[in-house]
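A short write-up of the structure that comes next.
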Amino acid sequence: MPARAMGLAESLLAEMPQRWSHSAGVARRAAELSGAVAPADRDLLLCAAWLHDIGYAPAARDTGFHPLDGARFLRRHGWPERLCALVAHHSGACFQAEAQGVTGMAEFPDEDSAVTDALAAADQTTGVCGEPAFLEDRLAEALGRHGGLSVYALAHTRRAPYLRAAARRVGLRLAAAPAR
Numbered sequence: 004m005p006a007r008a009m010g011l012a013e014s015l016l017a018e019m020p021q022r023w024s025h026s027a028g029v030a031r032r033a034a035e036l037s038g039a040v041a042p043a044d045r046d047l048l049l050c051a052a053w054l055h056d057i058g059y060a061p062a063a064r065d066t067g068f069h070p071l072d073g074a075r076f077l078r079r080h081g082w083p084e085r086l087c088a089l090v091a092h093h094s095g096a097c098f099q100a101e102a103q104g105v106t107g108m109a110e111f112p113d114e115d116s117a118v119t120d121a122l123a124a125a126d127q128t129t130g131v132c133g134e135p136a137f138l139e140d141r142l143a144e145a146l147g148r149h150g151g152l153s154v155y156a157l158a159h160t161r162r163a164p165y166l167r168a169a170a171r172r173v174g175l176r177l178a179a180a181p182a183r
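Letter by letter, the sequence shown follows residues 4 to 183 in this note's numbering.
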């Protein structure tokens, strides 16, 4: 299934090379972090990493809130519900949705799991062009890009601690995981 996810992401993001590069980088990082999730969930993590930003693609755009748009697109095209939910809730999207007044997130359960944590860590330690990044640098870059008075900034006070905690949990799981 990860190859299928990669193909879909590539086709949807073909006209958005920076977004495609970011998604490919997130997938690489997710593979590196996959030891933090159960073996049965590793392909799911990789699929979510490839597909997490497809909601930016014109073909998937509906509400303008990319996590929800991507999840709904995947659902319409028959992808597993759990994958759709991971895309909907990736990287603390609920905090952004609340700040922006986006409704509809309840359509998808937020599983709050090792997979959710690993996806958030992979996304937030990958720069906008797919390069490796430090979490704090990524948070600061995004805040600077959106501005201190933006809707992003409103969500930042709750989202940043959530992302830091997710990254910490991933680190602990990796440290406790048997060597592969």
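All C-beta atoms, glycine included, are put in the ideal place defined by N, C-alpha and C.
For A136, same chain residues with a beta-carbon under 7 Å away, outside a window of 5 residues either side, are T128, T129, G130 in chain order. When DSSP states are grouped into helix, strand and coil, T128 belongs to the coil group. A41 and A180 have their C-alpha atoms spaced approximately 10 Å apart.
One alpha carbon belongs to W53, the other to A74, and they sit about 13 Å apart. With respect to F111, A125 sits apart: the two C-beta atoms are not nearer than 8 Å.
Judged by beta-carbon spacing, H159 lies within the 8 Å limit of L146, meaning their Cβ atoms are closer than that value. L49 sits close to P5, with the two beta carbons spaced by under 8 Å. In the structure shown, P181 adopts coil according to DSSP, grouped into three states. The shortest CA-to-CA distance from V29 to any of D140, A121, P164, E18 is the one to A121. DSSP places P135 in the strand class (E or B) of the three-state scheme. In this structure, L71 is the residue among A109, L71, D46 with its C-alpha nearest to the C-alpha of G58. Counting only the Cα atoms, E13 lies some 26 Å from H149. Around F68, the same chain offers A100, Q103, V105 as residues with beta carbons nearer than 7 Å, after the five sequence neighbours per side are excluded.
Annotation for P20: the continuous alpha helix (DSSP H) segment containing it runs 20 to 36.
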